[in-house]
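Single-structure report; data block below.
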Amino acid sequence: MKAWGKSMVLVIFCGIFLLAEGALAGEFGEVTCTTPDCGYKTSLDIGGRRKLPAVTGYCAKEKKFVRLKLKSHDDYRKPHYCPNDKEPLKPIYRGADISKIPCPKCGNLTLKYQLMLRKD
Ligand SMILES: [Zn+2]
Ligand SMILES: [Zn+2]
């Protein structure tokens with residue numbers, strides 16, 4: 630009974646670990662602006678992969694999305710800065726975060742994100 634309990638703990642631990650890892654896996658989608666006549670459209674890589682940690686953010690100064698490679702997944706939720714101008718990046722952890730980013734072209738909060746592919 631004792632050994633069974635131990636292996637259960639191990640299974641649960643592995644399960645939590647896998648779930649946490651899954652949350653860190655990135656995705657790939659398309660950002661479009663819904664303002665009529667704007668026409669802004671870009672493809673966007675969000676986050677990294679299990680073995681290639683990365684974070685995606687938006688640089689308000691350059692009005693562009695920036696993807697940073699990270700040394701470790703532990704750095705994912707830390708503040709990040711644009712490598713070009715040291716501007717604090719607005720992090721994009723999920724596609725839904727796109728709605729808080731002003732459109733680089735027209736400046737309206739009308740960006741829409743559509744998931745194309747979930748990475749492993
Ligand atoms: Zn920048
Ligand atoms: Zn726009």
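In this note's numbering, the protein residues as written are 630 to 749.
Heads up, the beta-carbon is just placed ideally off N, CA and C, and yes, glycines get one too.
8 Å CB neighbourhood of residue i in its chain, flanking five on each side removed
i, result
"Y710", "E716, P717, L718"
Between the CA atoms of residue j and residue i - distance to the nearest angstrom
i, j, result
"K698", "K680", "11 Å"
"R723", "K734", "21 Å"
"S701", "D714", "23 Å"
"G677", "F657", "10 Å"
"C662", "S672", "12 Å"
"C688", "V640", "41 Å"
Beta-bridge pairing of residue i - partner residues as DSSP gives them
i, result
"P733", "Partner(s): none; P733 has no beta bridge."
"L740", "C662"
"E656", "I675, R747"
Residue i beta carbon near ligand 4 (any heavy atom closer than 7 Å)
i, result
"Y669", "As for ligand 4, it is missing from this structure, which binds only ligand 1 and ligand 2."
Contact set for residue i: own chain, Cβ-Cβ below 6 Å, skip 5 residues either direction
i, result
"K692", "P733"
Residue i burial status per 10 Å Cβ neighbour count (16 or more: buried)
i, result
"P665", "exposed"
"L746", "exposed"
"G766", "For the chain, the structure presents residues 630 to 749; residue 766 sits outside this window and is missing."
"P682", "buried"
Under 8 Å between C-beta atoms of residue i and residue j
i, j, result
"I675", "I721", "yes"
"Y742", "I727", "yes"
"V660", "L740", "yes"
Other residues of its chain near residue i: CB distance less than 7 Å, five sequence neighbours each side excluded
i, result
"L744", "E656, G658, G724"
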